[in-house]
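For reference, the structure is listed below as C-alpha cells.
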Amino acid sequence: MSRKMSAFLFILSVAAAADNTTPNYLGVAGPTCCIAPDGHGNYFVVVSRETDAGGVEVIALDSSGHLISSFIFDGGSDSIDIPAAAAVDSLGNLWVAGERVTTSNSGFLAKLDHTGTNLLGFESLGGRNLMGTTAIRAIAFDPAGNVYVTGSTNKADFPVTPGAFQNFGRTNGPNNIPLPTYTFIAKLQPGTQSLYSIVYATLLGGSQCVGDCTAIPETGNADTTATAIVVDANGIVTVAGVTNALDFPTTPGAFQTQCQCQGYQGSAFITQINADGSGLVWSTLLGNGLFAVAVPPLQEVWLTGLALDASGNAIVTGMTWAPDFPTTPGALQTHLPPLSPGEASSSGFVTKVNATGTQLLFSTYIGGAVLNQLSTFRLDQQGNIWISGTVSDSTGTPTQAKYTGAGNSFIAALAADGSSLLLYELLPNGILGVDLALTPDDGLIALGEQDVVLFPPAALAGFTVLGVADSAGTVPTQTVAPGEYVSIYGTGLGPSPGVGAYLDASGTVAGNIAGTKVYFDGIIAPLLYVSANQINALVPYEIAGSGQIDMQIVSSQRISQNLALNVVASQPYVLAILNPDGSVNSTSNRAPPGSTVALYVSGAGALDVNLPDGAIATTADSTPASAVQVIINSATHTTVPSSAHGVPGQPVNLLLVNVDLPPGVTSSTQFVLQIGPGLSSPFSIYLQ
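Numbering (this note's numbering), first residue to last: 294 to 981.
If you want it as C-alpha cells, here you go:
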C-alpha cells in the first residue's frame, strides 16, 4: 500500500449479550505503526503522518476501543519522522522511536506523558555524519526504568561506547563506499536535563557478504538489522533480526553458526548481550532464504517478533521463502505447501530456541502458501502465541478457518508447544499484520496498515461478527442504505450447513431462518441466507433518514451486542451486468457496441412507493425515489438510463438499470452509476 494513501482506523467490537458497548469508527491519515498498552486497559495507537505534517500521531483508546484523545508531534520542520516502535515505561510514560528522514538521517526517541498528549522530550540518536542512516526499530525497558533500543546503522560516527562488544569492522572504502549496515544495541538512562544519557552502545554484525559487496545497491555492503528487543530483570538483552554477513558473530555450540547467505538472502539471528554490552552471552543464526536487506517502508522488515517465555527460551516470528527452513518433528507445519511451477511460496515461521541458543524446542511454518505480511506476536498467560497477518493463498494451513468469505486477513493462536492452532480466523478484506496486543480480559486488539479490530473474549470463543458489507462488495464499510443487499460475516452466526430464504404467509421474504434474526434499530430484516459464517439480508427501508443505527443478531442460542452502522441515502453497487441476450457480460462474452445492457444493482435507497420489507415485485413499477444516471469517463459525458425499475419475481430491493450505450465507448471506458448522492465504484462494460 502506498504511504500516500490515507489509512482508515476501523474498530469492531463483538462481545456477549451483557456487553452493550457501541464501538466507534475513527478515520486517521497515514500508515499505522504499533500498539502500546498502558497497563491499565487503555491503548496507544501510533500512526505516521509523514504524508502531510511529517510527524507522528498518537491516538489513545479505552478498553472498549473508544477514542480518548489524539495528539500529533514532530521533531522539527526539517524532518519526516517515521515511527517504528512504541512502549510504555513503568511510570506510564509513552516512548516512541523510529527514523528521522533528514539530511543526516538519524534515529529518534520521543517521550510523552501518560495521556499521550504532552511531549516531554524529543532527541535524535545515531550520529550526525551526513553519510549513512541510523534507524531505531524496537524499544524495551528494564525494571529500573532504563531504555533499550535496537535497529540498524551505517554511520561512521555512531556513538559506540568504550569497552563495547563491537565497533565497525572497517572504515569507508574506495569511492566512498558506505560502511556495512550493523545492528546496534544501546542502553539509555532517562534524564532530567536531556531525554537520555548513553550507558552503553555497541554494534553487532559483520562486513563480509557473498560475492562483490558493491553489487548490493541498497547498502553497498553486508546488512545486519535487528527488529526486536527484550531485556530481562538482570539487564541481559536479547535482540533478533536478519543478516547476510558471512562473519556475523556466533558462539560455539550455537544451533547454527554459519550464515546461509546468498547475496540479498541471509539468515535470521538471535543474540544475547551481557548486562554491560561488552560481550555475547550466546548468539545463533536461524535458517536461510530470508530477505535480509531492510529498507523503508519499515513494514518490509521480515523478522517480526521476539519474546522470552517464563523459562528464558526465545521465541521468534518472521517470514521465509526457504523450503528448507529448519522445522521440528511434530510441529504444526513442517513443509511449505506446493504451488504451481514457477510460483514462490512465502510463509511465516514461529521458532522457539532454548535459553542457551543451542537447540530448537520447536519450529514451524505458519500462514499458508503465500503470506504477504505478518505482525509481531504476543504470548498469553498459558504461553500460547497470538499473531495476525495477510495471505494471498491460505493453501497448506493445517486447519479449516471458520470464516471463508471474501477476506485475506487472519488472526491465529498457536499452541505453546507449536503443535497445533487453537484459532485461525480469516477476516473480511481489510489489512492486519502490523501489531497486536492482548487485553486484560483475555481479548485481543489487532492493528493493520488500515485497521484496528478489537476482539473481546466472547468473539474469540466462537461468536464473532467480523464485518458488514454490500453483497456485491468485498470490503466492510459499516455503512448501509435503505433496502440494500448486505452480507454479514462472522462465526457462530447461524446453522451449519446454511439455509436459504423462503416466503412467509404474507408472501414476503421471511425474517426468521432456523431461529436466526437480524434487527436494524429493532426492525427485523428479511433474510436471504443464513449460515455459521455469513448472513445475507435486506436492510429495512424504515431506516431511511437515520444517521446511525444499531444492528443486532439474535439466534436460537445467543444474542450479539449492538453493532453501530452509519446510514446513507443510497450506496449503489453493481451486482451483475447482462448483455442484450441475457448472458453475463465478460471479457469472453461481450456486448455489441451501441446496444442496451442491463445493470442489476443493490443499494439504490428508498423507493418512490411504500412497499413492505421483503416484498416481491410483481411488475416493473417499483422505482427508486432518487434520480439515476450513469457517468462516463469521470463526468466528461453523462447518460441517463433508458429505464430503472424493479425486477418482477425478485425482491423489490433489486434494481434493474437499462443503459443505452452511446457511440464512442470502448471496453476501457470507465462507468460510474450515480443514484441520488451515492456513487458506485468504477466499472467496465466489455464490448465486441
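Think of the CB as a built atom: it goes at the ideal place given N, C-alpha and C, for glycine as much as any other residue.
Practice problem: Helix, strand or coil for A311, going by three-state DSSP, please let me know. | Solution: A caution first: A311 carries a pLDDT of 26, below 50, which makes its placement in the model too unreliable to give a value.
Exercise. Buried or exposed for G438, please, with buried defined as at least 16 other CB atoms from any protein chain shown within 10 angstroms of its CB.
Key: exposed
Self-check item: Other residues of its chain near T962: CB distance less than 8 Å, five sequence neighbours each side excluded
Solution: I925, N926, S977 and I978
Exercise. Could you name the residues of the same chain whose beta carbon sits closer than 7 Å to that of M298, not counting the 5 residues immediately before and after it, in chain order?
Key: Residue placement at M298 is poorly supported in this model, since its pLDDT is 20, which falls under 50; the coordinates are not used for a value here.
Exercise. Give, in chain order, every unbroken run of the beta strand (DSSP E) that is at least 3 residues long and sits entirely within the region 367 to 401.
Key: 373 to 381 and 387 to 394
Quiz item: Would you report the Cα separation of I852 and I846, rounded to the nearest angstrom?
Solution: 6 Å
Quiz item: Just how far apart, CA to CA, sit L578 and A353?
Solution: 38 Å
Quiz item: Should V349 and P376 be called a contact, given that it needs their Cβ atoms to be closer than 7 Å?
Solution: yes
Quiz item: Taking the Cβ atom as the reference point for each residue, do S994 and A774 lie within a distance shorter than 7 Å?
Solution: Here the chain comprises residues numbered 294 to 981, so residue 994 is not present and cannot be evaluated.
Quiz item: Would you call the CB atoms of A708 and T801 closer than 7 Å?
Solution: no
Quiz item: Are there three or more Cβ pairs, one per stretch, closer than 8 Å when the region 525 to 540 is compared with the region 483 to 496?
Solution: no
Quiz item: Should L729 and S681 be called a contact, given that it needs their Cβ atoms to be closer than 7 Å?
Solution: yes
Self-check item: I529 in three-state terms, based on DSSP
Solution: coil
Quiz item: Can you name the residues that DSSP bridges to V524?
Solution: V530
Quiz item: DSSP three-state call for Y834: helix, strand or coil?
Solution: helix
Quiz item: CB-CB under 7 Å to G840, same chain, minus the five flanking residues each way: which ones, in chain order?
Solution: V860
Self-check item: Length of the line joining the Cα atoms of G641 and A705
Solution: 12 Å
Practice problem: For I978, name the three-state secondary structure that DSSP assigns. | Solution: coil
Quiz item: Around the C-beta of Q675, are 16 or more other C-beta atoms found within 10 angstroms, so that it is buried, or is it exposed?
Solution: exposed
Self-check item: Those residues which DSSP pairs with T325 across a bridge
Solution: V340
Exercise. For G456, count neighbouring C-beta atoms within 10 Å of its own C-beta (all shown protein chains included) and say buried if the count is 16 or more, exposed if not.
Key: exposed
Quiz prompt | Nearest-angstrom beta carbon gap, F458 and S356 [assumed within contact, 8 Å] | solution = No, S356 and F458 are not in contact; Cβ-Cβ is about 42 Å, not under 8 Å.
Quiz prompt | Cβ pair P955, T932 closer than 7 Å | solution = yes
Quiz item: Residue range of the beta strand (DSSP E) that H938 falls in?
Solution: S936 to G939
Quiz item: Where do the N-terminal and C-terminal ends of the beta strand (DSSP E) with F548 fall, by residue?
Solution: Note, F548: premise wrong, no beta strand (DSSP E); not H, not E.
Exercise. Just confirm the distance between the C-beta atoms of A433 and A380, as a whole number of angstroms; I'd bet it's less than 8 Å.
Key: 7 Å
Quiz prompt | Identified DSSP bridge partners for D734 | solution = DSSP, once it has assigned bridges, lists no residue as partnering D734.
Quiz item: If you draw a straight line from the alpha carbon of L405 to that of M612, how long is it in whole angstroms?
Solution: 33 Å
Quiz prompt | Span separating the alpha-carbon of A521 from that of A403 | solution = 18 Å
Quiz item: Just how far apart, CA to CA, sit H938 and S876?
Solution: 19 Å
Self-check item: For C502, the nearest candidate out of V492, A515 and I491 (CA to CA)
Solution: A515
Quiz item: With respect to the beta strand (DSSP E) encompassing W679, which residues constitute its N-terminal and C-terminal limits?
Solution: I678 to D686
Quiz prompt | Reduced DSSP secondary structure (H/G/I, E/B, other) of G580 | solution = strand
Exercise. With a 10 Å radius around its C-beta and 16 neighbouring C-beta atoms as the bar for buried, classify N527 as buried or exposed.
Key: exposed
Exercise. Consider the C-beta atom of Y336 and the heavy atoms of the ligand GTP; say whether any pair is separated by less than 6 Å.
Key: This structure simply doesn't include the ligand GTP, nor any ligand for that matter.
Practice problem: Whole angstroms is fine: what's the gap from T644's alpha carbon to Q549's? | Solution: 13 Å
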